[in-house]
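Protein chains in written order, with my numbering: chain A, 1 to 232; chain B, 1001 to 1760. In what follows, a structure is listed as structure tokens, so that the remarks can point back to it.
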Amino acid sequence: MRAVVIQFPGSNADFDALHTLRDVVGVETSYVFHKTPTLPAGTDLVVLPGGFSYGDYLRCGAIARFAPVMADVRRHVERGGLLLGICNGFQILTEAGLLPGALTRNAHLRFECRDVLVRVDADGPFTQDLRGRVLRLPVAHAEGRYQADEATLQSLESKSLVAFRYVPAATPDARLPANPNGSLHDIAGLYGGPRRNVLGLMPHPERMAEPILGGTDGRLLFHSAVRAALAR
Amino acid sequence: MSREPAVTPELAREHGLTDDEYTIALKAIGRTPSFPELGVLSVMWSEHCSYKSSRVHLKRLPTKGPRVIHGPGENAGVVDIGDGWAVVFKMESHNHPSFIEPYQGAATGVGGILRDVFTMGARPVAVMDSLRFGEPSHPRTPGLLRGVVAGIAGYGNAFGVPTVGGEVQFDAAYNGNILVNAFALGLCRSDRLFLGQAKGVGNPILYVGARTGRDGIHGATMASAEFEEGEEAERPTVQVGDPFMEKLLLEGCLEIFAADVLEGIQDMGAAGLTSSTVEMASRAGNGVELWLDRLPRRAKHLTPYEILLSESQERMIMVARVGEEQRVLDICAKWDLDAQVVGRVTDTGRFVVRATPGYDPLSGAPWPDDPPVVVDLPVDLLTDAAPVYTRPCVDDPRLTDRYGVDATGLAFDPRSDLLELLSAPNVGSRAWIYRQYDHIVRDGTMVRPGAGDAAVVRLYCEDERGRREKLIAMSSDCNGRFCELDPRTGAAMAVAEACRNLACVGAAPIGLTDCLNFGNPQRPEIMAQFRDAIDGIADACKALGVPVVSGNVSLYNETTEQGGPRAVLPTPTIGAVGLFEKVSDVVGAGFRTAGDHVFVLGPRGDDRLGGSEWLTRRTGKVCGRPPSIDLAAEAALQSLLVRAAREGLLASAHDCAEGGLLVALAEACIMGQSGAALALPAEYAVTPGGLFGEDPSRVLVSVTPYVLELFSRRVAEAGVPCAFLGRVGGASLSLEGVASWGLDEMREAHASALDEIVGR
């Protein structure tokens, strides 16, 4: 299996994604610079990492979709290749039209960095055999409030494309609402693409993949992606 | 282009030069300086750049040690962490700009310290911020706190460096002068460091990064003057930050470093192009010649004066080897960075600037040939020969009057007082702040803010020789109240506490940086505080065997009010860095397992309440006789903690700091989500001093019963006093014969600490 992490100017969780894939999960992984017109041959998984691509100027993710590498990323998706957008990567996917809806300013208007609980609500290549399981993952964003029109939300629900939803802890803390940003339908992540091969999510699974960083729930997504790639 | 004013003694005075200083300059130059020359002199001789009041005292700090690769004098300190790797760190203030414009002031403070670190060849991997605000009830406090925190978050989060720790304190002494001290740490190979030197006569000087505008002109001079009423008029001198540009600059610089084409590099910080090029020339013993016509710019009709003094952010000066210019320009093009050759290194020992009058490259006209000289000054006049003052020091004769406080009549109720202290802005949870910081980017944060006495970060050391992981800890500390009441002891306690916090998580200290925030040095009692604080830092460094490797001085943190000047509490903030031997050494601060035994390690102390949060709240002022510190006992305690951590004998360790012993016990319960059934040892009295006094050198530890015998042996060997308090367990903290507190009520009190300032 071969993975690549796209480096846009302003990407800053590129190392997090590379490190987890390469050093924790053991996948051959390399960076691809945004000015590169084509992905390396044999790429199974493309990661659009977290960060502030193009400074998040204009709107988060709005400029990255025009990057030279994105045309080949679209072809990769059409071929059924796996595409994972984490945080700013999720924002880029919505701006690029690869996932519906938009990610807007958190309801409380502040950047929020803490662990949250998300429930796996859909099957797909990144969540094989995980449906119903509650994962603890960190969020770190100022614009993660998922919004879409009613028809889009109904469509996402009826097609079971809501991959992750924020859920409360067993003993809720009024100061730490389960939904950290005010997302509609508590949406934390979405599947899309022709074969559910595109996943966008606001939490950072690549920052919760080692015991010394506080947990390993995030590793499950990458292991699932490795299985999916090997099965292709 | 407007005509330049004639240089007169009055104009020199307006630039902050004293009459004596101007006379010295006239004599050294042998003629009246040009207007841009006056600007250059005034910034280079400002307190901020020249350290003219502090330099004689700073010499007393211990700066050497077996791990020190570069001590003070470079852009940041460099300390060896073994196996060919080093950490680069420094702390710097951005107090005045943050008071005027909190978001941009704090943001550019972070930006500046990050550049200080990556200019040395290191990738920044952690930031801490030490903040001081006025009273919670002061009308400006909420806006300043919100703005500063948002500014730090806005810059650090976008740049992609985790903000892993820091501290915040509130006191009326900061009502008119807040403190924003930013610490950054980077990782680099110890054999690939880059220094701020203009080496190699004939080598090209390159400008890289953001274009120059008019922002921040005379920022260094502003940072060297006290505020008068109406400080808002200073707003145009505040710089504006662009973290996206800084991120590109970082990546571009790291790629240029790897290409091995540079002889030297320095960021343009305070006093911008002038200070960076002059300092580089000075360190190399060379001269420089700059060609301002070629300088990238974003504002029209910039004059040489403005260009030389601009503090536009995200700019670097590089000295490349002859013939390697194109390599630098190519890498800059890859990262979409502006870059231009703007001068060369000379052998004249002079700072020479050429610019064509009236020429503006933004007009599209080509560079004129042979631009005239507008500045020609000796480099050493601007650096080593700059004025140095041994300012008079007089101890404040009224200081000891404040020691006499009778605490016997003050209301004291252990149960409600603990809850009050836990919910105090100076004691309780900082979650509202650190949740706005991305504290986990780069996959290294092992102990997050609020989870331990110091931040713990895994450093991922990777190059062609292979990959290895290193663990470091860092903490920033200073209690300005103790420094106010006894500057020497208070400063020693700041060093002791910062290092103790490292020891509590299991790390041994390897180096310190300091950020010395004081009032007006021309007042003898302020200078006495400064002198004593330096001695206190030196005392503690020697006792604990830790060198100071970098630092920063911020003076004139005072406001002229009706009734006289009001200075900040003397605040020598200490940033300490420690190293672990292995992952299993890391110790948390919260109680972990029911049945573990709880001890307090360290000398009993004398229960003095002076400067404590409890007494300050009860009296409304900073008063009382402050605690003393036994530095030998402190050293023994810290060595014991590190040894016990390395041998796996500690389930938890937590320092007793603001709020004293009882608050520390409550915090260990809250962090560990576990209660404890305890009884005070016979030698502890149920008095305000016994429960809430802030004697230093005391650490709460919990120990699993299985290793008690080994633990006791180590304690006895170290000769550290150790008192048994009880056992971990249950859903409440109970102190036999005193009171009991439910875990939930303690947690809620603690969590509400900043509510009175920022709302729920």
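Quick reminder that beta carbons are idealized off the backbone N, C-alpha and C, glycines included.
* **Residue from B/Ser1697, B/Val1586, B/Asn1557 whose Cα sits closest to the Cα of B/Gly1134** => Counting from 1 along the second sequence, the entry for residue 1134 of chain B is found at position 134. Selection B/Ser1697, B/Val1586, B/Asn1557 evaluated against B/Gly1134 yields B/Asn1557 as nearest (Cα-Cα).
* Output the boundary residues of the beta strand (DSSP E) element that contains B/Gln970. => Residue numbering for chain B in the displayed model covers 1001 to 1760; residue 970 of chain B lies beyond these limits and cannot be assessed.
* Spatial neighbours of B/Gly1689 within its chain, please: CB distance less than 7 Å, with the 5 preceding and 5 following residues excluded, ordered by chain position. => The residue labelled residue 1689 of chain B in the question sits at position 689 within the second sequence. Counting only Cβ-Cβ distances below 7 Å, and skipping sequence neighbours, we find Asp1607, Arg1608, Leu1609.
* Taking B/Thr1383 as the reference, which of B/Tyr1434, B/Pro1414, B/Gly1285 has the closest Cα? -> Start at 1 with the first residue of the second sequence, and residue 1383 of chain B comes out as number 383. The shortest C-alpha separation from B/Thr1383 is found at B/Gly1285.
* To do: Could you have a look at B/Ala1496 and say whether DSSP puts it in helix, strand or coil?
  => Taking the first residue of the second sequence as position 1, residue 1496 of chain B is located at position 496. When secondary structure is reduced to three states using DSSP, B/Ala1496 falls in the helix class.
* Taking 8 Å as the CB-CB limit, is B/Ile1331 close to chain A? -> As a first step, residue 1331 of chain B must be located in the second sequence, where it is residue number 331. The Cβ of B/Ile1331 sits no closer than 8 Å to any Cβ of chain A.
* To do: Mind reading off the beta-carbon distance from B/Tyr1305 to B/Pro1036? Whole number of angstroms is fine, and I expect it under 8 Å.
  => Working through the second sequence from its first residue, we reach residue 1305 of chain B at position 305. Working through the second sequence from its first residue, we reach residue 1036 of chain B at position 36. So it is a contact: roughly 5 Å between Cβ atoms.
* **Of the residues B/Asp1655, B/Tyr1359, B/Pro1705, the one placed nearest B/Leu1502, counting alpha carbons only** => For the purposes of this step, residue 1502 of chain B is identified with residue 502 of the second sequence, where counting begins at 1. If we check each option's Cα against that of B/Leu1502, B/Asp1655 comes out closest.
* chain B beta carbons: is any one of them nearer than 8 Å to that of A/Glu95? -> In the first sequence, residue 95 of chain A corresponds to position 95, counting from 1. Answer no: the Cβ-Cβ gap between A/Glu95 and chain B never drops below 8 Å.
* **Same chain, Cβ closer than 6 Å to A/Val5, neighbours up to 5 away in sequence not counted** => Taking the first residue of the first sequence as 1, we reach residue 5 of chain A at position 5. So the qualifying residues of the chain are Asp14, Ala17, Leu18, Tyr31, Val47, Pro49.
* Quick one: using the 10 Å Cβ neighbour count with 16 as the cut-off for buried, is B/Ala1233 buried or exposed? => On the second sequence, position 233 is the one that residue 1233 of chain B refers to. Note that B/Ala1233 has pLDDT 48, beneath the 50 cutoff, so the model's placement of it is unreliable and the number below is only indicative. Exposed.
* **chain B contacts made by the stretch 95–113 of chain A, where a contact means CB separation under 7 Å** => Those residues of the stretch 95–113 of chain A that come within reach of chain B (Cβ to Cβ, closer than 7 Å) are Arg110, Phe111, Glu112, Cys113.
* To do: Tell me whether A/Leu220 is buried or exposed, calling it buried when 16 or more other Cβ atoms sit within 10 Å of its Cβ.
  => What you label residue 220 of chain A is simply residue 220 of the first sequence in a count that begins at 1. Label assigned to A/Leu220: buried.
* In chain order, what residues of the same chain lie with their CB nearer than 7 Å to the CB of A/Thr20, ignoring the 5 residues before and after it? -> Position 20 of the first sequence, counting from 1, holds the residue named residue 20 of chain A. Excluding residues within five positions, the ones whose Cβ falls inside 7 Å are Glu206, Ala209, Phe222.
* Is DSSP giving A/Arg227 helix, strand or coil here? -> The residue labelled residue 227 of chain A in the question sits at position 227 within the first sequence. Looking at A/Arg227 - three-state DSSP - the assignment turns out to be helix.
* Asked: What first and last residue would you give for the beta strand (DSSP E) that runs through B/His1015?
  -> Numbered from its first residue, the second sequence carries residue 1015 of chain B at position 15. In the DSSP assignment, B/His1015 falls outside any beta strand (DSSP E) and carries neither an H nor an E.
* With burial defined as no fewer than 16 other Cβ atoms inside 10 Å of the residue's Cβ, what is the status of A/Thr29: buried or exposed? -> Residue mapping note: residue 29 of chain A aligns to position 29 of the first sequence, counting from 1. The Cβ neighbour count for A/Thr29, taken over all protein chains shown within 10 Å, is at least 16; the residue is labelled buried.
* Through-space distance from A/Leu98 to A/Leu156, alpha-carbon basis -> Residue 156 of chain A sits at position 156 when you count from the first residue of the first sequence. Residue 98 of chain A sits at position 98 when you count from the first residue of the first sequence. One C-alpha to the other measures close to 14 Å.
* Tell me which same chain residues have a C-beta within less than 8 Å of the C-beta of B/Arg1235, skipping the five on either side of it? -> Against the second sequence, residue 1235 of chain B aligns to sequence position 235. The pLDDT assigned to B/Arg1235 is 45, lower than 50, so where the model puts this residue is not dependable; a value taken from the coordinates is nonetheless given after this. Cβ neighbours of B/Arg1235 beyond the five flanking positions: Ile1100, Glu1101.
* **alpha helix (DSSP H) runs wholly inside the stretch 154–193 of chain A, at least 4 long, in chain order** => Those alpha helix (DSSP H) runs which fall completely within the stretch 154–193 of chain A and span 4+ residues do not exist here.
* What are the residues of the stretch 1237–1263 of chain B that lie near chain A, defined by any Cβ-Cβ distance shorter than 9 Å? -> Under the 9 Å Cβ criterion, the stretch 1237–1263 of chain B contributes Asp1242, Pro1243, Phe1244, Met1245, Lys1247, Leu1248, Glu1251.
* Asked: Once you ignore the five residues that flank B/Val1056 on each side, which residues in its own chain have a CB closer than 8 Å to its CB?
  -> Here the question's residue 1056 of chain B lines up with position 56 in the second sequence. Only Val1388, Tyr1389, Thr1390 meet the Cβ criterion.
* Asked: To which residues does DSSP link B/Asp1477 through a beta bridge?
  -> The sequence position of residue 1477 of chain B within the second sequence is 477, counting from 1. Partner(s): B/Ile1574.
* Indicate whether B/Thr1445 and B/Val1720 have their beta-carbon atoms separated by less than 8 Å. => Numbered from 1 along the second sequence, position 445 holds the residue referred to as residue 1445 of chain B. Numbered from 1 along the second sequence, position 720 holds the residue referred to as residue 1720 of chain B. Not a contact, by the Cβ cut-off of 8 Å.
* **Neighbour list for B/Gln1436 in chain A, Cβ cutoff strictly below 8 Å** => For the purposes of this step, residue 1436 of chain B is identified with residue 436 of the second sequence, where counting begins at 1. Annotation: Cβ neighbours of B/Gln1436 in chain A (cutoff 8 Å, chain order): Arg110, Phe111, Glu112, Cys113.
* Around the C-beta of B/Ser1034, are 16 or more other C-beta atoms found within 10 angstroms, so that it is buried, or is it exposed? -> Along the second sequence, one-based indexing puts residue 1034 of chain B at 34. Buried, by the Cβ-count rule.
* beta strand (DSSP E) segments (min. 3 residues) lying fully within the stretch 18–71 of chain A -> Listed in chain order, the complete beta strand (DSSP E) runs (minimum 3 residues) inside the stretch 18–71 of chain A are 28–33, 45–48.
* Between the beta-carbon of A/Gly81 and the beta-carbon of A/Asp123, is there less than 8 Å? -> Walking along the first sequence from the start, residue 81 of chain A turns up at place 81. Walking along the first sequence from the start, residue 123 of chain A turns up at place 123. Not closer than 8 Å, so no.
* To do: Assign B/Asn1157 to one of three DSSP states: helix, strand, or coil.
  => For the purposes of this step, residue 1157 of chain B is taken as residue 157 along the second sequence, with counting starting at 1. Residue state for B/Asn1157 is assigned as helix, using DSSP reduced to three classes.
* For B/Asp1396, which of helix, strand or coil comes out of DSSP? -> In the second sequence, residue 1396 of chain B corresponds to position 396, counting from 1. In this structure, B/Asp1396 counts as coil in the three-state DSSP scheme.
* Does any CB atom of chain A fall closer than 8 Å to the CB of B/Gly1759? -> Residue numbering aside, residue 1759 of chain B sits at position 759 when the second sequence is read from its first letter. It does not; no Cβ of chain A falls within 8 Å.
* 3-residue-minimum beta strand (DSSP E) runs that sit fully inside the stretch 1675–1742 of chain B, ordered along the chain -> For the stretch 1675–1742 of chain B, whole beta strand (DSSP E) runs of length 3 or above, ordered along the chain, are 1676–1678, 1699–1703, 1722–1728, 1732–1735, 1739–1742.
* What is the rounded straight-line gap between the Cα of B/Gly1563 and the Cα of B/Asn1175? -> The residue labelled residue 1563 of chain B in the question sits at position 563 within the second sequence. The residue labelled residue 1175 of chain B in the question sits at position 175 within the second sequence. Their Cα atoms are separated by approximately 15 Å.
* Can you tell me whether DSSP reads B/His1654 as helix, strand or coil? -> Numbered from its first residue, the second sequence carries residue 1654 of chain B at position 654. Per DSSP, reduced to three states, the secondary structure at B/His1654 is strand.
* To do: May I ask you to list the residues that DSSP assigns as paired with B/Lys1334?
  => Counting from one through the second sequence, the residue named residue 1334 of chain B turns up at place 334. Among the bridge pairs identified by DSSP, B/Lys1334 is matched with none.
* Own chain, CB closer than 7 Å to A/Val24, minus 5 neighbours either side, in chain order -> By one-based count along the first sequence, residue 24 of chain A stands at place 24. In chain order, Ala209, Glu210, Arg219 place their CB closer than 7 Å to the CB of A/Val24, counting only its own chain and leaving out the 5 sequence neighbours on each side.
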